[in-house]
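Residue numbers are given in the UniProt record's numbering: position 31 of the sequence shown equals residue 31, and the series is strictly consecutive.
Ideal placement from N, C-alpha and C gives every residue a C-beta, glycine not left out.
As the structure is a prediction and not an experimental result, all values here were calculated from the model.
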Amino acid sequence: MIIGNHYVSPDTKPEVITAYFRQLENNLDTNNTRVISLGDFNAPGFNWENGTPLSSCHYYSKLKGDSIYTSTCFLGLRQCVEAVDTVNMLDLVFANFTDLKSVPADSGLVATDIYHPPLNIDVLLPNVNSNLNCEFSYQNFAAGNYALLYNILSTYDWSSVYETSSVDVAVASLSVAVRSAMEQAVPCGYRCKSEFPHWFSYSLNAS
Numbered sequence: 001m002i003i004g005n006h007y008v009s010p011d012t013k014p015e016v017i018t019a020y021f022r023q024l025e026n027n028l029d030t031n032n033t034r035v036i037s038l039g040d041f042n043a044p045g046f047n048w049e050n051g052t053p054l055s056s057c058h059y060y061s062k063l064k065g066d067s068i069y070t071s072t073c074f075l076g077l078r079q080c081v082e083a084v085d086t087v088n089m090l091d092l093v094f095a096n097f098t099d100l101k102s103v104p105a106d107s108g109l110v111a112t113d114i115y116h117p118p119l120n121i122d123v124l125l126p127n128v129n130s131n132l133n134c135e136f137s138y139q140n141f142a143a144g145n146y147a148l149l150y151n152i153l154s155t156y157d158w159s160s161v162y163e164t165s166s167v168d169v170a171v172a173s174l175s176v177a178v179r180s181a182m183e184q185a186v187p188c189g190y191r192c193k194s195e196f197p198h199w200f201s202y203s204l205n206a207s
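Right under this line is the structure:
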């Protein structure tokens, strides 16, 4: 499951919103991944059930609402907040699955902000049966040959790191070099999965 938190400022242009969601279309596989997109979208006065503005909707808010609604439809996302006041509703929850419920929370100790009422979001997660007998690998640094690691890195051709003007390329090249050296000098170990989290101590497991 992928959960994304968003804030769209009141002065964000509709074309910026469209471009952002187009990026999500190119990077998210919403057909095979459960996705929740929630946050303050700052597009009041919009009917998210049918994608139309209310009569009181400001023109600029209508343009933003159109951009958000059209883009989320392309991604297969639907708006899940059960509106109490559609005119003032700014905080929205979009998801591409139906086993989710988002409703206003009960009143608290202080007065509720009409623009940002607290929400209860319930998500039904599927039961996943893990195979506790399967093994997974890890790098056994205690058994590493650090003299070999030093020799590999000291004789490595670092020109791909130093001669590029791109920070991204330099970081990627550095990662490749270090990872390759570690794979040669640090052996892998294998352990079986446990029903306990990895940070549990033996005494906690025993108790």
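Item to complete: Mark L148 as exposed unless 16 or more other C-beta atoms lie within 10 angstroms of its C-beta, in which case mark it buried.
Response: The count along the sequence shown starts at 1 and reaches residue 148 at position 148. The residue in question, L148, is exposed, as its Cβ has fewer than 16 Cβ neighbours within 10 Å.
Worksheet item: Nearest-angstrom Cα distance between S37 and N5?
Response: For this step, residue 37 is matched to residue 37 along the sequence shown. For this step, residue 5 is matched to residue 5 along the sequence shown. Approximately 6 Å between the Cα atoms of the pair.
Worksheet item: Do the segment 51-62 and the segment 98-115 make contact, defined as three or more Cβ pairs closer than 8 Å?
Response: no
Worksheet entry | Reduced DSSP secondary structure (H/G/I, E/B, other) of F46 | Here residue 46 corresponds to residue number 46 of the sequence shown, with the count starting at 1. Correct three-state label for F46: strand.
Worksheet item: Buried or exposed: which applies to C80, given that a residue is buried once 16 or more other Cβ atoms fall within 10 Å of its Cβ?
Response: By one-based count along the sequence shown, residue 80 stands at place 80. So C80 counts as buried.
Worksheet entry | When L77, L90, C188 and A170 are compared against Y7, the one with the closest alpha-carbon | For the purposes of this step, residue 7 is taken as residue 7 along the sequence shown, with counting starting at 1. Of L77, L90, C188 and A170, the residue nearest in Cα terms is L90.
Fill in: Reference D99; option with closest CA among L77, D113, P118 and P117
Along the sequence shown, one-based indexing puts residue 99 at 99. Closest by alpha carbon: L77.
Worksheet entry | Sub-8 Å separation of P14 and L63 beta-carbons | On the sequence shown, position 14 is the one that residue 14 refers to. On the sequence shown, position 63 is the one that residue 63 refers to. Yes; because the gap between Cβ atoms is below 8 Å, this pair is in contact.
Worksheet item: If you draw a straight line from the C-alpha of F141 to the C-alpha of E183, how long is it?
Response: In the sequence shown, the residue the question calls residue 141 occupies position 141. In the sequence shown, the residue the question calls residue 183 occupies position 183. C-alpha separation (whole angstroms): 11 Å.
Practice prompt. Indicate the three-state DSSP secondary structure (helix, strand or coil) for S114 in the structure shown.
Written response: What you label residue 114 is simply residue 114 of the sequence shown in a count that begins at 1. The question names Ser, but residue 114 is Ile in the sequence shown. Three-state DSSP puts I114 in coil, outside helix and strand.
Worksheet entry | Alpha carbon of V167 to alpha carbon of S180, nearest angstrom | Sequence index remark: in the sequence shown, residue 167 carries index 167 (1-based). Sequence index remark: in the sequence shown, residue 180 carries index 180 (1-based). Those two C-alpha atoms are separated by around 20 Å.
Fill in: Own chain, CB closer than 6 Å to Y69, minus 5 neighbours either side, in chain order
Taking the sequence shown and counting its residues from 1, the one referred to as residue 69 is at position 69. Closer than 6 Å at Cβ, skipping near neighbours: G51.
Worksheet item: Do you know whose CA, among N26, S67, L28 and F21, lies nearest A43's CA?
Response: By 1-based counting over the sequence shown, the position of residue 43 is 43. Checking every option, the nearest Cα to that of A43 belongs to S67.
Worksheet item: What first and last residue would you give for the beta strand (DSSP E) that runs through K64?
Response: Translated into the one-based positions of the sequence shown, residue 64 becomes position 64. Per DSSP, K64 belongs to no beta strand (DSSP E); it is in the alpha helix (DSSP H), Y59 to F74.
Practice prompt. Look at the alpha carbon of L124 and the alpha carbon of S154, and state the distance between them as a whole number of angstroms.
Written response: As a first step, residue 124 must be located in the sequence shown, where it is residue number 124. As a first step, residue 154 must be located in the sequence shown, where it is residue number 154. C-alpha separation (whole angstroms): 52 Å.
Practice prompt. Verify whether the separation of the beta carbon atoms of I114 and S102 is less than 8 Å.
Written response: Taking the sequence shown and counting its residues from 1, the one referred to as residue 114 is at position 114. Taking the sequence shown and counting its residues from 1, the one referred to as residue 102 is at position 102. No, Cβ-Cβ distance for I114 and S102 is not below 8 Å.
Discussion item. Quick check on F21: buried or exposed, where buried means 16 or more other Cβ atoms within 10 Å of its Cβ?
Written reply: Taking the first residue of the sequence shown as 1, we reach residue 21 at position 21. The residue in question, F21, is buried, as its Cβ has 16 or more Cβ neighbours within 10 Å.
Fill in: Of the listed residues V186, C188, L119 and W158, nearest to L174 (C-alpha basis)
Here residue 174 is taken as the residue at index 174 of the sequence shown, counted from 1. The option with the nearest alpha carbon to L174 is W158.
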